[in-house]
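Step one of this worksheet: look at the structure below.
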Amino acid sequence: MTSTVASKPDEYRGHAEECWRFANDAEDIETKAVFQLTAEAWTMLAAQVETLEGAQGSEAITTPPLLQSAA
1 MTSTVASKPD EYRGHAEECW RFANDAEDIE TKAVFQLTAE AWTMLAAQVE TLEGAQGSEA
61 ITTPPLLQSA A
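Numbered per my numbering, the sequence shown spans residues 1 to 71.
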């Protein structure tokens, strides 16, 4: 059995997509804004990781401890 492991940037973009869905479903403007900002942050993180992977190789990229505990 072969399983596909998503890259970190793909994983982060998945988190962003989830935040966009929550933002679209939010009933108040403050909650919507929080989810939109969080989605943008996940998207920027994905782009930064891709840039670092291109410059250093994917072996040099690890998940920060704060994100590991939240996963």
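Ideal Cβ positions, reconstructed from N, Cα and C, are used throughout, including at glycine. Only a predicted model underlies this, so the values are computations on that prediction, with no experimental measurement involved.
Check                                                                                      : Outcome
Exposure of alanine 155, with buried meaning 16 or more beta-carbon neighbours within 10 Å : There is no way to answer for residue 155, as the model of the chain reaches only from 1 to 71.
For aspartate 10 and alanine 46, the rounded distance between their alpha carbons          : 7 Å
Collapsed DSSP secondary structure at aspartate 144 in the structure displayed             : This structure does not reach residue 144, given that the chain is present from 1 up to 71, and the question cannot be answered.
Burial state of alanine 16 (16 or more Cβ within 10 Å)                                     : buried
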